[in-house]
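Residue numbers (the working numbering): 4 to 103.
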């Protein structure tokens, strides 16, 4: 199956090196943050709704707009979606400014 994401989504990666099963969290995260409707259609060709829902719950660097979009489209309670604050709290103390 030929996957046709826009090259702008994977601006930091050679798309030929992406293993769509192994790098699902990376691919889904990129489409959520940078994708348009055609990118979402491609994403749904690769991953089941169940896989997308399970994966987005692991993404902690989503902004509020992206979290609300996922909440509305996939009917996932906002409390089940990680926040940037939670992401920052999980960083090591070396990176966490509040620990200094």
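Glycine included, each C-beta is placed from N, C-alpha and C at the ideal position.
Answer with yes or no whether the minimum CB distance from residue i to chain D is below 9 Å.
i, result
"residue 37", "Absent from the structure: chain D. Only one protein chain is present."
Beta-carbon within less than 7 Å of residue i's beta-carbon, same chain only, minus the 5 sequence neighbours each way: which residues are those?
i, result
"residue 69", "35, 36"
"residue 33", "12, 13"
From the DSSP output, in three-state form, read off residue i for me.
i, result
"residue 18", "helix"
"residue 23", "coil"
"residue 103", "Bear in mind that the predicted position of residue 103 carries a pLDDT of just 48, short of 50, making it unreliable; the figure below should be weighed with that in mind. If DSSP states are grouped into helix, strand and coil, residue 103 belongs with coil."
"residue 9", "coil"
"residue 41", "helix"
"residue 48", "helix"
"residue 162", "No information on residue 162 is available, as it lies outside the stretch 4 to 103 that the chain covers here."
Grab me the residues of residue i's own chain with a C-beta within less than 6 Å of its C-beta, minus the 5 sequence neighbours each way, in chain order.
i, result
"residue 81", "74"
"residue 27", "58"
"residue 5", "none"
"residue 62", "32"
Excluding the five sequence neighbours on either side, which residues of its own chain have a C-beta within less than 8 Å of the C-beta of residue i, listed in chain order?
i, result
"residue 21", "13, 29, 30"
So residue i and residue j are supposed to be a Cβ contact under 8 Å. How far apart are they, rounded?
i, j, result
"residue 56", "residue 79", "6 Å"
"residue 42", "residue 72", "Contact doesn't hold; Cβ gap of about 13 Å is too wide."
Taking the CB atoms as reference points, tell me whether residue i and residue j lie closer together than 9 Å.
i, j, result
"residue 83", "residue 60", "yes"
"residue 23", "residue 49", "yes"
"residue 18", "residue 10", "yes"
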